[in-house]
Amino acid sequence: MNISRLLATALAMVFVYPGVRADVPIDPKAEVAAALKGMGDAANAHDVERHVGYYAHIPGVTLIVDGEPIVGWDTIRDKQKEWWSNGKTDVVYQMQGAPEVLELAPNVLVTTLFMRAHRTLPSGEVREGRFAVSSIWQKRPDGWKVVYSHESTTH
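Just remember that our numbering sits 4 ahead of the position in the sequence shown, which is counted from 1.
As structure tokens, this is what we get:
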């Protein structure tokens, strides 16, 4: 088989293979929904690296929690390790309803989640909490990443 025929066969396989559709546009909301699910799964597994992996690895990435700004990927990761006691927490998160997703621009989305958390404190007391998370996601070369997020408790 000559090289042109091999190349033509390979290209045909890429465009005809059932799992790959070149004519189907990618839905950014579906991609971010998948990222939110992955982020939530990582949170419930208390996997800090995987969870924080959904944040953009840029100096200005920002997470604000109850008025406290946490700036920088490494700082966010370190704070998350602290909150989850290096993965030893028993906190369980549940989304309340479907996430709200708003497309601001072709490569920028905002999500809002309403969440519940259930955890045992070091004293043995069981605590339930509710909070809201709004995040700005940007399509980057390595996929959809959070560039700015704000969490606040609700009562």
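Beta carbons are placed, not taken as given, at the ideal position from N, Cα and C, and that holds for glycine.
Practice item. Can you have a look at residue 102 and say buried or exposed, based on whether 16 or more other CB atoms are within 10 angstroms of its CB? Key: Position 98 of the sequence shown, counted from the first residue, corresponds to residue 102. Around the beta carbon of residue 102, fewer than 16 other beta carbons sit within 10 angstroms, so the residue counts as exposed.
Check your understanding: Leaving out the 5 sequence neighbours to the left and right, which residues in its chain are closer than 6 Å to residue 75 when beta-carbon positions are compared?
Key -> Counted from its first residue, the sequence shown places residue 75 at position 71. Closer than 6 Å at Cβ, skipping near neighbours: 66.
Review point. Taking buried to mean at least 16 other C-beta atoms within 10 Å of its own C-beta, is residue 87 buried or exposed?
Key: Position 83 of the sequence shown holds residue 87. Exposed: under 16 other Cβ atoms inside 10 Å.
Point to revise | the stretch 38-50 touching the stretch 89-99, judged by at least three CB pairs closer than 8 Å | key: With a cut-off of 8 Å, the stretch 89-99 and the stretch 38-50 count as touching, because enough Cβ pairs lie within range.
Point to revise | residue 115, buried or exposed, once every other Cβ within 10 Å from all chains shown has been counted against 16 | key: Here residue 115 is taken as the residue at index 111 of the sequence shown, counted from 1. Around the CB of residue 115, 16 or more other CB atoms lie within 10 Å, so the residue is classed as buried.
Check your understanding: Among 104, 62, 109 and 127, which one has its Cα closest to the Cα of residue 93?
Key -> Sequence index remark: in the sequence shown, residue 93 carries index 89 (1-based). For residue 93, the closest alpha carbon among the candidates 104, 62, 109 and 127 is that of 127.
Check your understanding: Below 8 Å, can you find three or more Cβ-Cβ pairs linking the stretch 104-118 to the stretch 28-48?
Key -> yes
**Study point:** Status (buried if at least 16 other CB within 10 Å, exposed otherwise) for residue 117
**Key:** Translated into positions along the sequence shown, residue 117 becomes position 113. The residue in question, residue 117, is buried, as its Cβ has 16 or more Cβ neighbours within 10 Å.
Check your understanding: In three-state terms, what does DSSP make of residue 88?
Key -> In the sequence shown, counting from the first residue as 1, residue 88 sits at position 84. Here residue 88 sits in coil by DSSP.
Review point. Residues in its own chain within less than 7 Å of residue 44 by CB, not counting five upstream and five downstream?
Key: In the sequence shown, the residue the question calls residue 44 occupies position 40. Here the set comprises 97 and 99.
**Study point:** Pick from 140, 125 and 133 that is closest to residue 157, judged by C-alpha positions
**Key:** As a position in the sequence shown, residue 157 is number 153, starting the count at 1. Considering only alpha carbons, the answer is 133.
**Study point:** Opposing strand residues paired with residue 98 [DSSP bridges]
**Key:** For this step, residue 98 is matched to residue 94 along the sequence shown. Note: residue 98 sits in a beta bridge opposite 120.
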